[in-house]
Structures are given as structure tokens and as C-alpha cells.
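A.B. asks: UniProt numbering puts the first residue of the sequence shown at 1, with every later residue one more than the last. Here a beta-carbon is modelled for each residue, glycine too, at the ideal position from N, C-alpha and C.
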Amino acid sequence: MTHSRKILVTGADGFIGSHLTEALVRQGHDVKAFVLYNSFNTWGWLDQCAADIRGHFEVFSGDIRDPYGVRKAMEDCDRVLHLAALIAIPYSYHSPDTYVDTNIKGTLNVLQAARDLGVSKLVHTSTSEVYGTARYVPIDEKHPLQGQSPYSASKIGADQMALSFYRSFETPVSIIRPFNTYGPRQSARAIIPTVITQIASGKESIQLGSLHPTRDFNYIEDTVRGFIAMLESSNSIGEEINIGSNYEINIGDTVSMIAELMNRSVNIVSSDDRKRPEKSEVERLWADHSKAKNLLGWEPLYSGTEGLRKGLEKTIEWFTKPENLSRYKADLYNI
1 MTHSRKILVT GADGFIGSHL TEALVRQGHD VKAFVLYNSF NTWGWLDQCA ADIRGHFEVF
61 SGDIRDPYGV RKAMEDCDRV LHLAALIAIP YSYHSPDTYV DTNIKGTLNV LQAARDLGVS
121 KLVHTSTSEV YGTARYVPID EKHPLQGQSP YSASKIGADQ MALSFYRSFE TPVSIIRPFN
181 TYGPRQSARA IIPTVITQIA SGKESIQLGS LHPTRDFNYI EDTVRGFIAM LESSNSIGEE
241 INIGSNYEIN IGDTVSMIAE LMNRSVNIVS SDDRKRPEKS EVERLWADHS KAKNLLGWEP
301 LYSGTEGLRK GLEKTIEWFT KPENLSRYKA DLYNI
């Protein structure tokens, strides 16, 4: 079966997916954006895409859980970037079944269609959460996988399904494993937007969960560059590859940095309802990105303390614009 060089992006309506769609269009690619069907006819964050992007990509409204729609969307595409997933950890505690349907069965639908249609490349999106609390640092791709939440367990299942198609059927699958991506458009369920939106809304006391866990934060531009490098490199087929900054910082120090950049002093109130169950909390994440450097030639542009500050400045600038801040409910705990 012959294909166009069209690229299908699932989850194109989300935080990372919308940025990735914009970047691909700007590079001149023919892009089909798979967005979640809804009766409001909204395309998620693609409704707010940049003026130079609007009208220059195709939209397919569907549901990753439906194999027929997934196959239909992929029929005229040669390459696939699969980002569609449920990612909120607290929501997975009370609604785990939908994580299995979306993350595992949804990925199976993508893999089966890619196999049947003979696509030339499929990049499947993993997460640093599959590693759980670091047993050693920095975390390389050989680190044990630990399902510490229903979300992370579903992503481990999806990753293994993807690898099984590579091993069983030689489906050209690559697995990208981004660490904690942040930037404009991110959901308020994540720590950095939670802090920025509460401070920007005038709160002097901000509600947070645990402050001691560490994270490896990656600015959205670096993550998008990682996806494109994975897509374009034949070295990535059959591989799991970390995309991370190789810089570790705890939540408390991250909050202090944000408050300093926003010229505000804040009082942090640690709220029990925002904390994960003790054994479910991922205490430490710190990425080894040497495999991405060796196989893809990828390195973070926003690295170390200065890189984080630079990325946070751009993120704060976007979130504090009234038209953007108004989209967030800073007074509610968003799971």
C-alpha cells in the first residue's frame, strides 16, 4: 500500500500534542491532527494555535479507544506520533478502568492499524512515571519499571504492547520517554501551572501537595525537539529513549524559584488531599539522557538551573496574560 508523507499526531489537542503539531507544520510537514471527538466541536489547544498555523493542518475528530476510527484516521498517513493518553495521576486512583481502555487498548488500536497499513514509523509516548521512585540516579533506560499508580501501570502496559509489536511483527516502533515537561498550555493538575496560576490570581497562601520529591523538568521546546528527532532517526526503531534535562530539583525549590521570578513571597500550605498515597508517590526523578544524545543527537537547550529559569520565565509570561489565566480555575484542585 502506498502512502503520502502525511504525519498523524494523536492527542494533538493536548499540551504537548498542540505544540508538536505547530512545530511540524512550521517545518513544512503535512499533518493530520487526531483530536478527541466532542459535541462542542472544540480542538482543545489547537483552537488557540498560532495564526501562521491555523488552516494549515487537517483535523480528524475521533476517539483513540475506537479501533475503526483510529484506522480510518491513519489510512493516508505514513508516519504516526502517538500522544493520546489519560495522564492525570489522581484521576487514575478512582477511575482506573478508563486508563486501561485509553492508554493500553488505545495504544493497541494504534499499533494494529499501523501494522495493517504498513506505516514507516510509529513513535509511541511513554513517561518517566514508569520508572517509579529512582533506585539509582541518573535514571537510564535499563532502570526497573515500577507501577506506583494505575496511570503508571497503564503506561508500562502500553509501552510493552508497543515493544511486542516491534518484536513480533517488526512494526517500526520507537518509544519516547519524556520526563516532566512544562510550558505554556500545560494543565493546572501539574505542579508548575498550579503554582503560577495561584500566585497570578493574587493568592498569598498557595495549596500544594508534597514538597520534598524531586523532578527533572523539561521545557516544552526541548520535548518537541525530542519527538521530531525520534521521528526522523532510524536509530530509534525498537528503542526506549529518555528525553530529560539531567537536572534534579525538588518541588519546594521549584516553588521558590517561581515566586522569585514573579516577585512575590508566598506561604505554602501543604494540603493532604493533594498528596499521593505514601507508596504511590514517586520520590525522585532524574534523567540520564546520554542515549538520546548518542542515538538522536538530541540535547536539551534548557538545561541546568539557568535553563529552568529561562523556561519558567517564558511559562510565567504566557500564564500571566489575562486571556490565558482566565482559562484556569486557580481556586480549585484540578486532578
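(1) By a C-beta neighbour count over all protein chains shown, 10 Å radius and 16 as the cutoff for buried, is N246 buried or exposed?
(2) Return the chain-ordered list of same chain residues with a C-beta closer than 8 Å to the C-beta of I258, the five sequence neighbours on each side being excluded.
(3) Name the two residues that bound the continuous beta strand (DSSP E) containing F34.
(4) Between which two residues does the alpha helix (DSSP H) holding N294 run?
(5) Between the beta-carbon of I176 and the beta-carbon of L163, is there less than 8 Å?
(6) Counting pairs of beta carbons, one from the segment 8 to 25 and one from the segment 94 to 105, are three or more of them closer than 8 Å?
(7) Beta-carbon separation of E129 and Y93 under 8 Å?
(8) Less than 8 Å separating the beta-carbons of L285 and F179?
(9) According to DSSP, is H94 part of a helix, a strand, or is it coil?
(10) Going residue by residue through the segment 198 to 281, where are the continuous alpha helix (DSSP H) segments of at least 4 residues, counting only ones entirely within it?
(11) Whole alpha helix (DSSP H) runs in the segment 29 to 89 with 4 or more residues, listed along the chain?
(12) Report buried or exposed for S18, applying the criterion of at least 16 other Cβ atoms within 10 angstroms of its Cβ.
(13) Do Y302 and Y219 have their CB atoms nearer than 8 Å?
(14) Compute the Euclidean distance between the alpha carbons of S187 and F15, then round it to the nearest angstrom.
(15) Report the rounded CA-to-CA distance for A190 versus N38, giving the unit in angstroms.
(16) Can you grab the Cα-Cα spacing for the pair R135 / H143, in whole Å?
(17) Would you give the residue range spanned by the alpha helix (DSSP H) that S164 belongs to?
C.D. replies: With the structure as the only source:
(1) buried
(2) I192, V195, I196, I199, L312, I316
(3) 31 to 36
(4) 290 to 296
(5) no
(6) no
(7) no
(8) yes
(9) helix
(10) 220 to 232, 251 to 261
(11) 67 to 74
(12) buried
(13) yes
(14) 7 Å
(15) 24 Å
(16) 8 Å
(17) 150 to 169
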